[in-house]
């Protein structure tokens, strides 16, 4: 499928697998490995090799019949595909314990995510620096988002404050929200929301564990 | 589908939606709402009402023709379904910035997750208390997991340390791992792994944002 401007639409399950390939490839690169087959990737990650080939096709990389994919080229192709080879400047909203951890999470640089400011409504937090990032009053977000041309914000506030913060973000022209607040947020159709609530992932885990324990009884 | 012991197998997409229903229902309860229809839930969360009815059926709750579902009963049913109405004791492995945030994240109590100890291999961290939880040397994990009958561990270590930590967990009889380490981990077939890497979620977001920006050009 293509968008109006001939940009390939990559299915979400593929997008979620690409970082796994990337982690493996970066590891292989460090070990001096030059080329890799889709079968090797599939075995290492417990996937089907046809699936791996399909996923990799989306990155526009072509493997060679016997040697497989060039590791460096594939790393580059995945990073380009995910837009991780350049920095996307982002705001963090909610400088609590999760927000603080986010600001200090060095790995985000590998994923092209660069926090330039944090926002909170707690006067005690405003003016502080967390991992070198200044905490500003949430009122200032709309103006700064426009001035600094920020399109992406990470939401790490409690459920009750979430929608109010989202409305402030929207005023500033934020078009992509990574939502860690344990609640659903309402946005216009053109705004991208990626829900990353711990509760969703934990639900799968605790249910499976509970079923596993019951089968042992 | 039923397991050998007649336990209903709930599809993963349903499991991931149940926490959203729960957040909404807890909100309604606080506002004094007594009953709710699947259409209302669907509208609030931007879902299809047939989907909501199907999902709710897995919790064994039956709605009434005109009034819909009793809010309290549905909350209870979802919590029971996810095993969130009792505490599951868990270990945290990796007391870095993400691990520290996890230990301080109060919301986990609502999801039945109760950290009883944290582990690290850094001598400077061992012996410290983080949010009231003691950090112990990783070597002690296997014995303590068996003594304390711990089955669930949350992995928040860097990629390079992940597999070594997993092998130590497995020695202690851990059967469910919530993996935040930015790498794939290898476990025997019967061990439950829920990958919750930020990179997967972020991949979807950065790709969509990049496509959105390209369509604007």
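Protein chains in written order, with the numbering used here: chain L, 50 to 266; chain A, 50 to 266.
Even for Gly, the Cβ is constructed at its ideal location relative to N, Cα and C.
Residue i burial status per 10 Å Cβ neighbour count (16 or more: buried)
i: residue 82 of chain L; result: exposed
i: residue 151 of chain L; result: buried
i: residue 204 of chain A; result: buried
i: residue 58 of chain L; result: exposed
i: residue 171 of chain A; result: exposed
i: residue 222 of chain A; result: exposed
i: residue 187 of chain L; result: buried
i: residue 226 of chain L; result: buried
i: residue 148 of chain L; result: buried
i: residue 196 of chain A; result: exposed
i: residue 55 of chain L; result: exposed
i: residue 265 of chain L; result: exposed
Per-residue DSSP class, three states only, for residue i
i: residue 173 of chain L; result: coil
i: residue 147 of chain L; result: helix
i: residue 84 of chain L; result: strand
i: residue 115 of chain L; result: coil
i: residue 260 of chain A; result: helix
i: residue 90 of chain A; result: helix
i: residue 57 of chain L; result: strand
Below-8 Å beta-carbon distance, residue i vs any chain C residue
i: residue 102 of chain A; result: Absent from the structure is chain C; the protein chains it does hold are L and A.
Residues of its chain near residue i, where Cβ-Cβ distance is below 7 Å and the 5 sequence neighbours each way are ignored
i: residue 232 of chain A; result: 208 and 211
i: residue 166 of chain A; result: 140, 182, 183, 185 and 193
i: residue 144 of chain A; result: 167, 169, 174, 179 and 184
i: residue 244 of chain L; result: 228
i: residue 206 of chain L; result: 142, 143, 214 and 230
i: residue 136 of chain L; result: 161 and 163
i: residue 146 of chain A; result: none
i: residue 110 of chain L; result: 118, 122, 123 and 126
Beta-carbon contacts of residue i that lie in its chain and below 6 Å, excluding the five residues immediately before and after
i: residue 224 of chain A; result: 200 and 240
i: residue 108 of chain L; result: 126, 127 and 130
i: residue 250 of chain L; result: none
i: residue 246 of chain A; result: 231
i: residue 138 of chain L; result: 163, 165 and 199
i: residue 87 of chain L; result: 98, 101 and 102
i: residue 190 of chain A; result: 168, 217 and 221
i: residue 116 of chain A; result: 84
i: residue 71 of chain L; result: 127
i: residue 66 of chain A; result: 104
i: residue 112 of chain L; result: 118
i: residue 177 of chain L; result: 184
i: residue 159 of chain A; result: none
Nearest to residue i (by Cα), restricted to the options the options
i: residue 64 of chain A; options: L/258, L/265 and L/188; result: L/258
i: residue 164 of chain L; options: L/260, L/97 and L/202; result: L/202
i: residue 268 of chain L; options: L/244, L/89, L/215 and L/254; result: With chain L covering 50 to 266 only, the question about residue 268 of chain L has no answer from this structure.
i: residue 253 of chain L; options: A/111, A/68 and A/55; result: A/68
i: residue 242 of chain L; options: A/242, A/234, A/256 and A/235; result: A/256
i: residue 248 of chain L; options: A/155, A/112, A/105 and A/116; result: A/155
i: residue 75 of chain L; options: L/61, L/112, L/104 and L/122; result: L/122
i: residue 262 of chain L; options: A/153, A/219, A/132 and A/96; result: A/132
i: residue 62 of chain A; options: A/260, A/80 and A/104; result: A/104
Sequence-distant residues of its chain with Cβ nearer than 8 Å to residue i (five each side left out)
i: residue 77 of chain A; result: 85 and 120
i: residue 73 of chain A; result: 90, 93 and 94
i: residue 134 of chain A; result: 125, 128 and 161
i: residue 153 of chain A; result: 179 and 180
i: residue 234 of chain L; result: 204, 211, 212, 215, 226, 228 and 242
i: residue 96 of chain L; result: 66 and 90
i: residue 114 of chain A; result: none
i: residue 19 of chain L; result: Not covered by the structure: residue 19 of chain L. The range shown for chain L is 50 to 266.
(request) Tell me the start and end of each unbroken beta strand (DSSP E) in the stretch 181-257 of chain L that is at least 3 residues and wholly inside, in chain order. (result) 182-186, 201-204, 225-228 and 241-244
(message) I'd like the ranges of any alpha helix (DSSP H) spanning at least 4 consecutive residues and lying wholly in the stretch 120-166 of chain L.
(response) 120-131 and 146-153
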